[in-house]
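Visitor: Taken in sequence, the protein lines are chains Y and L.
The numbering used here numbers the first residue of the first sequence as 92 and each following residue consecutively.
The numbering used here numbers the first residue of the second sequence as 2 and each following residue consecutively.
Take this structure, written in structure tokens, and hold onto it; I'll ask about it next.
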Amino acid sequence: MTITAESHAQPEGTRASAAPASARPPRGAVRLVRVALAGRPNSGKTTLFNRLTGASQHVGNYPGVTIEKKEGVRVHAGTRLSLVDLPGTYSLAAYSVDEQVARDFLIEEHPDVVVCVVDATNLERNLYLVVQLMELGLPLVLALNMSDVAAERGYRFDLATLSRLLGDVPVVPTVASRGDGAMELLDAVVAVGLGERAQRHVPIAYGAEVDAEIERLAAALEADAALLAPRQSRWVALKLLENDPAVRRQVTRVVPRAADILAAADAAAARLHGLFRDEPEVVIADRRYGFASGACREVILRTPESRRTRSDQVDAIVAHPLLGLPIFLGLLYLVFTATFRLGEYPVDGIHHLFHWLSGTVGGLWPAGSALKSLLVDGVIGGVGGVVAFLPNVLILFLAIAVLEDSGYMARAAFIVDRWMHRIGLHGKSFIPMLIGFGCTVPAIMATRILESRRDRLTTMLVLPLMSCGARLPIYVLLVGVFFAPQWQAPVMWGMYLVGVVAALVLAKLLRATLFRGEDEPFVMELPPYRVPTLKGVLLHGGRRGWMYLRKAGTIILGVSICLWALTSYPKPPAAAPGAARQAVALEYSAAGRIGKALEPVMAPVGFDWKINTALLGAVAAKELFVAQMGIVHALDAADDREPDPLGDALRRQYTPRQALAIMLFCLLGLPCAATVAVVRAESGSWRWAALQWAGLTLMAYLVVLLVYQVGGLMGFA
Amino acid sequence: MTPTAHHPKAPEPVILASLPDGSRARLVQVEGGAALRARLVAMGLRPGAEVHVVHNGGRGPFVMAMDDCRIVIGRGMAHRIRVEPLEPAASGARRRR
Numbered sequence: 092m093t094i095t096a097e098s099h100a101q102p103e104g105t106r107a108s109a110a111p112a113s114a115r116p117p118r119g120a121v122r123l124v125r126v127a128l129a130g131r132p133n134s135g136k137t138t139l140f141n142r143l144t145g146a147s148q149h150v151g152n153y154p155g156v157t158i159e160k161k162e163g164v165r166v167h168a169g170t171r172l173s174l175v176d177l178p179g180t181y182s183l184a185a186y187s188v189d190e191q192v193a194r195d196f197l198i199e200e201h202p203d204v205v206v207c208v209v210d211a212t213n214l215e216r217n218l219y220l221v222v223q224l225m226e227l228g229l230p231l232v233l234a235l236n237m238s239d240v241a242a243e244r245g246y247r248f249d250l251a252t253l254s255r256l257l258g259d260v261p262v263v264p265t266v267a268s269r270g271d272g273a274m275e276l277l278d279a280v281v282a283v284g285l286g287e288r289a290q291r292h293v294p295i296a297y298g299a300e301v302d303a304e305i306e307r308l309a310a311a312l313e314a315d316a317a318l319l320a321p322r323q324s325r326w327v328a329l330k331l332l333e334n335d336p337a338v339r340r341q342v343t344r345v346v347p348r349a350a351d352i353l354a355a356a357d358a359a360a361a362r363l364h365g366l367f368r369d370e371p372e373v374v375i376a377d378r379r380y381g382f383a384s385g386a387c388r389e390v391i392l393r394t395p396e397s398r399r400t401r402s403d404q405v406d407a408i409v410a411h412p413l414l415g416l417p418i419f420l421g422l423l424y425l426v427f428t429a430t431f432r433l434g435e436y437p438v439d440g441i442h443h444l445f446h447w448l449s450g451t452v453g454g455l456w457p458a459g460s461a462l463k464s465l466l467v468d469g470v471i472g473g474v475g476g477v478v479a480f481l482p483n484v485l486i487l488f489l490a491i492a493v494l495e496d497s498g499y500m501a502r503a504a505f506i507v508d509r510w511m512h513r514i515g516l517h518g519k520s521f522i523p524m525l526i527g528f529g530c531t532v533p534a535i536m537a538t539r540i541l542e543s544r545r546d547r548l549t550t551m552l553v554l555p556l557m558s559c560g561a562r563l564p565i566y567v568l569l570v571g572v573f574f575a576p577q578w579q580a581p582v583m584w585g586m587y588l589v590g591v592v593a594a595l596v597l598a599k600l601l602r603a604t605l606f607r608g609e610d611e612p613f614v615m616e617l618p619p620y621r622v623p624t625l626k627g628v629l630l631h632g633g634r635r636g637w638m639y640l641r642k643a644g645t646i647i648l649g650v651s652i653c654l655w656a657l658t659s660y661p662k663p664p665a666a667a668p669g670a671a672r673q674a675v676a677l678e679y680s681a682a683g684r685i686g687k688a689l690e691p692v693m694a695p696v697g698f699d700w701k702i703n704t705a706l707l708g709a710v711a712a713k714e715l716f717v718a719q720m721g722i723v724h725a726l727d728a729a730d731d732r733e734p735d736p737l738g739d740a741l742r743r744q745y746t747p748r749q750a751l752a753i754m755l756f757c758l759l760g761l762p763c764a765a766t767v768a769v770v771r772a773e774s775g776s777w778r779w780a781a782l783q784w785a786g787l788t789l790m791a792y793l794v795v796l797l798v799y800q801v802g803g804l805m806g807f808a
Numbered sequence: 002m003t004p005t006a007h008h009p010k011a012p013e014p015v016i017l018a019s020l021p022d023g024s025r026a027r028l029v030q031v032e033g034g035a036a037l038r039a040r041l042v043a044m045g046l047r048p049g050a051e052v053h054v055v056h057n058g059g060r061g062p063f064v065m066a067m068d069d070c071r072i073v074i075g076r077g078m079a080h081r082i083r084v085e086p087l088e089p090a091a092s093g094a095r096r097r098r
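Dropping the structure here:
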């Protein structure tokens, strides 16, 4: 907060003197301005956000919270800016959850400044969102992003006129990828945020007929609900004419004579429909576009010849009807190979680290100490089992981030669209599915890109079948112990394939029953290819990896301790000597008793009471199955540790058929606690979360029952 | 301008899905629910917009361009959009409406 920095805040406009001196706090005090970043997908909004907030940005929300928005803080010119990155949206009409989140934030939180990031190479379409922000009447700053690319292509803009047309909104050219214009943008944000730079409200003309209906409805609203300011009532009236379901619900809640207002809105809409022979929402959307289009005519001084871009040339190969699919499959193979092969080395390292840690910690206490057992078997064993697979998950997420940031993911959705249609979904559902191979939680959050609720719920319900990173430890353990080396890789790939096939079959089934209805029309923008930036990929992939890690630190840590307690207590009254004592203790413990109680149900699928006990862990999180198997068998085995005690113990007690049954059951059933929480939050009800849990677990039971029994009849061990 | 209006002397509207790669056309009308059409307008697909067929996959999805923006739509969707074909000669410079 230096004097030079302070001088940055000086507004360029003439309104400086109009700002009351009292608005300036005494020297040293920090003023707070709340800023929201809005913009279309692919406008470079997130890159700009990362530029503005630097390393201070922290991850949004995770299970239980319904909105995912990133927040960051930046101090500029003696002002503390708290920035929120809203989801990228085409409009504020609330067609998708992302749009709803963005709009709710703007209306409820009422930020001091909204920075709208627009793609300068595509001004007309980007201005559509700007128009909707103007309707909301929030103070705006326009970041004309990718201005370098626009200049290169030959665009020339009249920025002063653009600013004037939008109501003296500051327009700042930026290049987010290089950070150009960031300082000027922050200057403008501070000036607008502190009220040093006034803006005019520019009413959008929707045509005389629509305007008259808006006025009439607004007047009725004001007469009825005194709490609405005139501008708010105009906005509500506009939204009512647009038949916006969320606003209608809101009106029903807060306006005393809501039924009359809604009836008046319906009558007005019917009048407009008669006049235009089209729905008012389409007419209004068209008028908004008209404003954007008109503004562009005035401010774009020179437009380039449109030409076949490099993106088109790449698409000619990558999205080719014949070449597209092989390229896509090749890329997927590459991603998964990298995930497993590159991941091996750090995974081994982390395993050794935790092994060393449990040895060191274990050495501090005498054998038989409860605290030692808690730390070594409960905490280190439980969390270590999860953290060990972080490299795999992280590599997968980084690879997905590269695919997303480069623009390829949209092409992949395009390529698989034809096949996805066969199961009643479209290409876009594929993106969450791919993320699901890393972790189901971010995958479920990624279903927000789907507009139709039917598509979204179908995708959400089948997502746990995509074999996530947490299943990997189970496969690695069991495949390594029970299958000959030449069979290990095929069995692993087989598990992934079984999951995908099950997901597709189930999706088809859901679309034919619960979510019956016509296919949602498929419309998606293909962003131009871009070279992903290292920073972007690290932030993007790292964010999802962090969700996985956080799960280890919170849910899994807590559950590990609970499970440890369940397997350790209550203690049997009379201790038998040696190994027998351990076995008796486990059987006597709460977990052992539950496992025993489940035996009649689970015996037909090949699970004994020890497996049942370990599955208690999988209910919380899949990776805990391995840790729990470890606890069960560590308590069971003699105290002197062999090189691979768990593997040997398993080999002695179980058969490959049982191992396969365990893997299948963990793949198909028991969605983890974090999944249940996020499905509840994202679907808005416990009903779907409960249905998913019960349905998938029942399906898993039936499939495993079939496989295990038929396998037995065919004579497999 | 009503959303379904088109120039009196313009050629008969055809289905977008029937146009070959490389052709240009002006969007006339989209058949579908109001919510869908409003969403398309938000993306720039409004009556009067000039579109360019980048890739007509036959049975797969359909790629079109508006200015520098590429939009992929499903086959079913491409059958529900009516357009007026434009002369391909005038490609490039943006038309002032």
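For each residue, glycine too, the CB sits at the ideal point set by N, CA and C.
Relative to chain L, which residues along the stretch 601 to 617 of chain Y have a C-beta separation below 7 Å, given in chain order?
Guide: Residues Asp610, Pro612, Phe613, Val614, Met615, Glu616, Leu617.
Visitor: Can you name the residues of chain L whose CB is closer than 7 Å to the CB of Asp403(Y)?
Guide: In chain order: Val55.
Visitor: Checking contacts by CB at 7 Å: is Ser268(Y) closer than that to chain L?
Guide: Chain L, which has no Cβ nearer than 7 Å to the Cβ of Ser268(Y), makes this no.
Visitor: What in chain Y is Cβ-close to Pro62(L), meaning under 8 Å?
Guide: Going along chain Y in sequence order, the residues near Pro62(L) (Cβ under 8 Å) are Phe505, Asp508, Arg509, Gly518, Phe613.
Visitor: Residues of the stretch 19 to 43 of chain L with a CB closer than 7 Å to any CB of chain Y: list them in chain order, please.
Guide: Going along the stretch 19 to 43 of chain L in chain order, one finds Gly33, Ala35, Ala36, Leu37, Arg38, Ala39, Arg40, Leu41, Val42, Ala43 with a Cβ nearer than 7 Å to chain Y.
Visitor: Can you give me the start and stop residues for the alpha helix (DSSP H) that Gly381(Y) sits inside?
Guide: Where Gly381(Y) is concerned, the enclosing alpha helix (DSSP H) stretches over 371 to 390.
Visitor: Go to Thr788(Y), then tell me how far its alpha helix (DSSP H) extends in each direction, as first and last residue.
Guide: Per DSSP, Thr788(Y) belongs to the alpha helix (DSSP H) from 777 to 804.
Visitor: Indicate the three-state DSSP secondary structure (helix, strand or coil) for Tyr153(Y) in the structure shown.
Guide: Reliability fails at Tyr153(Y), whose pLDDT of 31 lies under 50, so the model's placement of it is uncertain and the value that follows must be treated cautiously. Three-state result, Tyr153(Y): coil.
Visitor: Rounded to whole angstroms, what's the CA-CA distance from Val55(L) to Ile16(L)? Just pull it up for me.
Guide: Those two C-alpha atoms are separated by around 15 Å.
Visitor: Report all residues from its chain with a CB closer than 6 Å to the CB of Ala681(Y); omit the five preceding and five following residues, and keep chain order.
Guide: Leu657, listed in sequence order.
Visitor: Cβ closer than 8 Å: which chain L residues qualify as neighbours of Pro412(Y)?
Guide: By Cβ distance, chain L contributes Gly58, Gly59, Gly61.
Visitor: Taking DSSP as the reference, what is the three-state secondary structure of Ser113(Y)?
Guide: In this predicted model, Ser113(Y) has a pLDDT of only 41, less than 50, meaning its place in the structure is not dependable enough to derive any value.
Visitor: To which residues of the same chain is Ala492(Y) closer than 6 Å at the C-beta, ignoring the five residues directly before and after it?
Guide: Val628, His631, Gly632, listed in sequence order.
Visitor: List, in order along the chain, the chain L residues whose C-beta lies closer than 9 Å to that of Ser182(Y)?
Guide: Ala39, Arg40, Val42, Ala43, Met44, listed in chain order.
Visitor: Enumerate, from N- to C-terminal direction, the unbroken beta strand (DSSP E) stretches of 3 or more residues contained entirely within the stretch 45 to 94 of chain L.
Guide: Those beta strand (DSSP E) runs which fall completely within the stretch 45 to 94 of chain L and span 3+ residues are 51 to 57, 63 to 67, 70 to 74, 82 to 87.
Visitor: Could one say the Cβ of Ala376(Y) lies closer than 7 Å to chain L's Cβ atoms, at least one of them?
Guide: At least one chain L Cβ lies under 7 Å of Ala376(Y).
Visitor: Please list the partners that Tyr380(Y) has in chain L, where partner means a Cβ-to-Cβ separation under 7 Å.
Guide: Near Tyr380(Y) (Cβ distances below 7 Å), the residues of chain L are Val42, Arg47.
Visitor: Check each residue of the stretch 65 to 87 of chain L: if its Cβ is closer than 9 Å to any Cβ of chain Y, include it; give the result in chain order.
Guide: The stretch 65 to 87 of chain L vs chain Y, Cβ under 9 Å: Ala66, Met67, Asp68, Asp69, Cys70, Arg71, Ile72, Val73, Ile74, Gly75, Arg76, Gly77, Met78, Arg81.
Visitor: Would you call Thr428(Y) buried or exposed, if buried means 16 or more other Cβ atoms sit within 10 Å of its Cβ?
Guide: Counting Cβ neighbours within 10 Å, Thr428(Y) comes out exposed, since fewer than 16 surround it.
Visitor: Quick one, are the C-beta atoms of Leu235(Y) and Leu224(Y) less than 7 Å apart?
Guide: Going by C-beta atoms, Leu235(Y) is not nearer than 7 Å to Leu224(Y).
Visitor: According to the neighbour-count rule (16 or more other Cβ atoms, all chains shown, within 10 Å of its Cβ), is Ser19(L) buried or exposed?
Guide: Exposed: under 16 other Cβ atoms inside 10 Å.
Visitor: Take Trp584(Y) as the anchor and find which of Arg544(Y), Glu714(Y), Met754(Y) has the nearest alpha-carbon.
Guide: For the residues Arg544(Y), Glu714(Y), Met754(Y), the minimum Cα distance to Trp584(Y) belongs to Met754(Y).
Visitor: Indicate whether at least one CB of chain L lies closer than 7 Å to the CB of Glu773(Y).
Guide: It does not: the Cβ of Glu773(Y) has no partner Cβ on chain L nearer than 7 Å.
Visitor: Where do the N-terminal and C-terminal ends of the beta strand (DSSP E) with His167(Y) fall, by residue?
Guide: From DSSP, the beta strand (DSSP E) with His167(Y) extends over 161 to 167.
Visitor: Mind checking who Leu123(Y) pairs with in its DSSP beta bridge?
Guide: In the DSSP output, where bridge partners are listed per residue, Leu123(Y) has Arg171(Y).
Visitor: If I measure Cβ to Cβ from Pro111(Y) and keep anything under 7 Å in the same chain, skipping five residues before and after, which residues do I get?
Guide: Any reading at Pro111(Y) must be qualified, since the residue scores a pLDDT of 41, below 50, and its modelled position is unreliable; no value is offered.
Visitor: Spell out whether any CB of chain L is found under 7 Å from the CB atom of Tyr186(Y).
Guide: Closer than 7 Å to some Cβ of chain L, the Cβ of Tyr186(Y) qualifies, so yes.
Visitor: Hey, quick one: how far does the beta strand (DSSP E) through Ile653(Y) stretch, first residue to last?
Guide: Per the sequence shown, residue 653(Y) should be read as Cys rather than Ile. Segment 648 to 659 is the alpha helix (DSSP H) holding Cys653(Y); no beta strand (DSSP E) there.
Visitor: Whole-angstrom Cβ separation of Arg288(Y) and Pro261(Y), contact assumed at under 8 Å?
Guide: Contact holds; Cβ gap of about 7 Å.
Visitor: Looking at C-alpha atoms only, which residue of Lys662(Y), Ala718(Y), Leu123(Y) is the closest neighbour of Leu285(Y)?
Guide: Looking at the Cα atoms, Leu123(Y) is the closest of the given residues.
Visitor: With a threshold of 6 Å (Cβ to nearest heavy atom), would Met638(Y) be considered close to the ligand FAD?
Guide: In the structure on display, the ligand FAD does not appear, and there are no ligands present to speak of.
Visitor: So, using beta-carbon positions, are Thr531(Y) and Pro555(Y) closer together than 7 Å?
Guide: Yes, these two residues count as a Cβ contact at 7 Å.
Visitor: Go through its chain and collect everything with a Cβ distance to Pro117(Y)'s Cβ below 8 Å, but skip five positions before and after it.
Guide: For Pro117(Y), the pLDDT reaches just 48, beneath the cut-off of 50, and the residue's location in the model is therefore unreliable, leaving the point undetermined.
Visitor: Does Asn133(Y) have its Cβ less than 7 Å from a Cβ in chain L?
Guide: No, Asn133(Y) does not count as interfacial toward chain L.
Visitor: Does Val390(Y) have its Cβ less than 7 Å from a Cβ in chain L?
Guide: It does not; no Cβ of chain L falls within 7 Å.
Visitor: Got a sec: is the Cβ-Cβ distance from Arg216(Y) to anything in chain L below 7 Å?
Guide: Answer yes: the Cβ-Cβ gap between Arg216(Y) and chain L drops below 7 Å somewhere.
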